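Residue numbering for the sequence shown follows my numbering, beginning at 578 and increasing consecutively.
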Amino acid sequence: MAAPDFSKALKQVLLNRVVLSFHPTSMPTPRPDDKTPLLPARPTSGAPPIGNAERYVLGEELGRGGLGRVVEAWDPELKRTVAVKLVLENLPPELLDRFRREAELTAQLEHPNIVPVHDIWQRGEGSSRRLFLAMKRIRGRNLATLLKDLARGDTETVKTYSRARLLRVFQDICLGIAYAHANGVIHRDLKPSNVMIGPFGETLIVDWGLAKSVTGPAEAPAGDGRAALAGNARLSDSTVPLDNADLTMEGQIVGTSAYMSPEQAGGHVAEIGPRSDVYSLGAILYEILTLRPPVEGKTLAEVITRVRTGAVALPSSLGSALIPPELDAICLKALALRKEDRTPSAIALHDDIQLFLEGVKERERKSREALERVASGRRWSARYGALEAEIAAQEEIVADWRERIKPHQPAEEKRPLWEAMARARSMREERINAYSKATAEFAQALTVDSSSTEASDGICDLILGRFLEAEERRDRDQMLLERNTLAQYDRGGKYLARLEAPGKVTIRTQAFRCDCLSPVRHPDWRVEIADDVTVPWREGRARPDLPLTDDDGPVPVVATFPPGVRYGHSPACTRHEVAGVEVSIARYEEHDNRFVLGPERVLGRTPLAGAEVPRGSWVCFLRGEGFAPVRLPVLIERSATWEQDVNLYRPEEIPAGFCVVPGGPFTFGGTEARKRQPRHSDRKWWIEQDGRFALPPTGSDPSMEWDPRWPVMSIDWFDAKAYCSWKSKLSGVRHELMHEQEYEKACRGVDGRMFSYGDIYEGPYSHTSVSLPGKMTPLPVGSFPVDESPYGIRDLSGGMETWCSNAPEAPFRTWRCQRGGAWGSTSTNARSAYRHGI
């Protein structure tokens, strides 16, 4: 058959400047510390010469093989060290012929990857005939030893031999075998131990003892195996253990079990050809990738059976390091069961590896470029994040100038404000530009290297930040846009998983031991609320011990009489833990533009520690024996814990018509009845008869069909606080108006909703000027049951505005705050955070 074109292969050999030599299979790496030669290191001038005495001086033994032993020798003519292989004594003639055939075949292969044979000679005749072969002296270690060093993690070997370097070694093996095939020689015993790696990068294929010329005379049968060499095994002995796969077999099966082709394992000698060596090359590649042979077993027969059936696992399923799918495909194609399905030649296998390495280099170049762009993107991303705080600080400067500069001041005096506003505008523009440049760099990095995890993470971090900003603004359109964009770049869904990450709930319940909330029964009990507001409101309560500042929303002094008689708990009152309170939970879901509680489920009992709950707005229902039920709104943020201590109250401690609002975080956004009766300007609504008051009779006022179920209206703040004093004396319980912070918490709970029932205003959900067709009129309390806060309080987003106890911040100390919607006001007033005063 025609020899293939090896010009490309030879060019590659010349470029790599590979030096190849020959080494017997069993020859160990010489150790410098081995000082005991098995033959004299250098015979004296009177010593009898062995073999070609005029040419070589024999030295120490280097190793032994199945056919002979190898000794180091000195060539005085060329002043060089060589290796001389001496055939063992008393070998049968067929093995002597094999020794000579190995020498002849090796001598024919004049290639840098194949050891040069310097000389061969014979001593004696007949049964006493001995053969000698002089060849290049090899130094280094074989590939099998090198791979074992890698497998055990030898530091220097791991550092020196990367996968790329090992693949280049493998390419050198392919080139040497390709040259042999081109000259009609197949090796038939390729394996890692028959490849020597020199200290200067030499790759050397050795032990051509089983080599065969496909162009010469047919090979004589090697017998039944009874004349097998020492160290060889017979297939018929199925119990032969395999401490390693490096056994060379003879007879009808030739080669090494774990590396031989299926046709070799089947004993089909006539089918053995160049593609049989390709299979063995694939086995070597397999071990380079996985650090283990492609086929393993406990006995020789088990290995041979697996080779015959093609039972080879995917390399990437075994390798400790990530093996690219390209190498999986190259390796398994070379190891195909049928010859016809294998890589066609050793040079084709070399080229497949070359294409992979070139692809790796291109990928490395793209990876470097992508990383450079990622680094640039990270810098722009960091600037984008830093500008958020800088803009916030600049906005405070603008606000400060707005306070100091009045509208009537001339333009020149307003210039500092204008400059501060221009600076804030410039910073916002810079932030937009930083975001654009960051996303552009990350996107370009993905264009260069679509597998860049760093680039996809960088752009996902940006998008996630934008989503969170939109979420804080409650901008649903922007949230949806950012979420959809995030899904396009989120590999593996880890960022979307962060958005949906659940939180945890920890709740402890406690109660006071005392009865300080029982109604006061003292005959002189009364509560007086001052007209002026002078007490600071801090952290959710009145603080008479602190000085009043302009930033406070102060409340009036509330005094109780007589001295020493009080209502409510004092710092001296102690609480005790209440365990075993059942905690169930229900989630707010949006239906028809309102928040509606979904199904309720039991979460556990107190003390409840770290119960996992999905993100969202929830209400916990706390039910304990002997205590009034408590509604506790909780807002579960992603990967956060809602932790709260809740005070429980006995039913008799809660006045009729009142709801318990547990403390905790939230979004903030009288004298005489005649004087206090509802009125409009100088008109009094109610009718006084015999010292008592009654509503106008039906039909007496067509514009106002009074109903006793209507909310209280047409009273001022002084009337409201006077009512609190009167109610306190009557009930024995201290009553006062809510601070506007208390009002807002009671209205919107903890999830920052816009109205008591949801985020979007709907006329039928609360009572405002647009709730009824064609008219505006008061309606009975509770006429709009949807207008209910998370705590169960009704009519906070409509019906009637509520007087709050506090004044606004300075300079509006003579004003009083009002909150909530009303039947005669627009939906704007109905918003939970809408502040107005009078």
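Each residue gets a CB set at the ideal place from its N, CA and C atoms; glycine is no exception. In this text, all values refer to a predicted model and were calculated from it rather than measured experimentally.
Evaluate residue i with the Cβ neighbour count: other Cβ atoms within 10 Å of its Cβ, from every protein chain shown; 16 or more gives buried, anything less gives exposed.
i     : result
R950  : buried
L710  : buried
A741  : exposed
D977  : exposed
G800  : Confidence in G800 is poor, its pLDDT being 41 and thus under 50, which makes the residue's placement unreliable; the coordinate value appears in the next sentence. By the neighbour-count rule (16 or more Cβ atoms within 10 Å), G800 is not buried but exposed.
N690  : buried
S813  : Residue placement at S813 cannot be trusted, given a pLDDT of 35 that sits under 50; what the coordinates show is reported in the next sentence. S813 should be labelled exposed.
H1312 : buried
P769  : buried
S1027 : exposed
E840  : buried
C1197 : buried
Q1395 : buried
G1234 : exposed
K662  : buried
P1148 : exposed
S1348 : buried
R1068 : exposed
Q748  : buried
K938  : exposed
R1393 : buried
I1213 : buried
L708  : buried
C1037 : buried
A788  : buried
Identify every residue that forms a DSSP beta bridge with residue i.
i     : result
I1435 : Limits of the chain in this structure are 578 at one end and 1415 at the other, which puts residue 1435 out of reach.
A660  : E649 and M712
D696  : A711
R1396 : T1379
D1222 : R1085
E638  : V648
E1154 : Q1087
H1413 : Q1395
H1168 : R1171
I691  : I782
N1010 : Answer by DSSP bridge pairing: none, since N1010 is not bridged.
R1371 : E1365
E1159 : R1182 and R1200
V772  : I782
Thinking C-alpha only, which one of the options is nearest residue i?
i     : options                      : result
V648  : R1164, D784, L655 and G636   : G636
V1237 : E1220, G640 and L1199        : L1199
R940  : L1349, E980 and P901         : P901
I968  : R955, A999 and P993          : A999
P776  : L767, L720 and N760          : L720
A997  : I982, S944, V1110 and T833   : I982
D1364 : G1080, R678, S1409 and P1184 : S1409
E538  : P769, Y961, H1344 and Y756   : Past the boundaries of the shown model lies residue 538; the chain is included only from 578 to 1415, so the question cannot be answered.
S790  : L781, G1069 and N760         : N760
D905  : T920, I1036 and L866         : L866
D1101 : L708, P693, V880 and W1303   : W1303
R1208 : G786, F1332 and Y1368        : Y1368
P851  : E679, G962 and I763          : I763
A847  : A1399, V735, K916 and E864   : K916
S834  : V880, I849, V1179 and D918   : V880
K1352 : G1401, S1360 and L891        : G1401
T1126 : T1218, E1386, A860 and E1077 : E1386
D1293 : V694, L1076, G1414 and C1037 : G1414
Y961  : E1189, C1324, E1046 and R942 : E1046
A911  : F933, D854 and G936          : D854
**Message:** To test your reading of the DSSP string, which unbroken beta strand (DSSP E) runs of 3 or more residues are found completely within the segment 1059-1138?
**Reply:** With a minimum length of 3 residues, the unbroken runs of beta strand (DSSP E) contained wholly in the segment 1059-1138 fall at 1080-1089, 1103-1112 and 1132-1138.
**Message:** Across the segment 1214-1234 and the segment 1085-1101, are there enough close Cβ pairs to call them in contact, namely three or more that are closer than 8 Å?
**Reply:** Yes, the segment 1214-1234 touches the segment 1085-1101.
**At least three beta-carbon pairs within less than 8 Å, the segment 968-983 to the segment 1036-1052** = The answer is no - the segment 1036-1052 does not touch the segment 968-983, with fewer than three Cβ pairs under 8 Å.
**Request:** Go through the segment 1173-1216 residue by residue and report every complete run of the beta strand (DSSP E) that reaches 3 residues or more, in order.
**Result:** If you keep only unbroken beta strand (DSSP E) runs of at least 3 residues inside the segment 1173-1216, you get 1185-1190, 1193-1200 and 1207-1213.
**Item:** Segment contact flag, the segment 1149-1165 with the segment 1047-1066, C-beta cutoff 8 Å, min 3 pairs
**Value:** No: the two stretches stay apart, fewer than three of their Cβ pairs being nearer than 8 Å.
**Message:** Count Cβ pairs between the segment 1108-1115 and the segment 1131-1139 that sit closer than 8 Å; are there 3 or more?
**Reply:** In short, these stretches touch, since the Cβ pair count reaches three.
**Asked** Pairing CB atoms from the segment 1287-1301 with CB atoms from the segment 1368-1385, are three or more of them under 8 Å?
**Response** Enough Cβ pairs lie closer than 8 Å, so yes.
**Asked** Per the contact definition of three or more C-beta pairs closer than 8 Å, is the segment 952-965 in contact with the segment 1004-1018?
**Response** Taking 8 Å as the limit for Cβ pairs, the verdict is that the segment 952-965 does touch the segment 1004-1018.
**Request:** Flag this pair as touching only if the segment 1162-1174 and the segment 1092-1101 have three or more C-beta atom pairs under 8 Å; answer yes or no.
**Result:** No, the segment 1162-1174 is not in contact with the segment 1092-1101.
**Item:** Those runs of the alpha helix (DSSP H) which lie wholly inside the segment 715-740 and span at least 4 residues
**Value:** As summarised for the segment 715-740, the continuous alpha helix (DSSP H) elements at least 4 residues long and confined to that stretch are 720-728 and 732-737, given in chain order.
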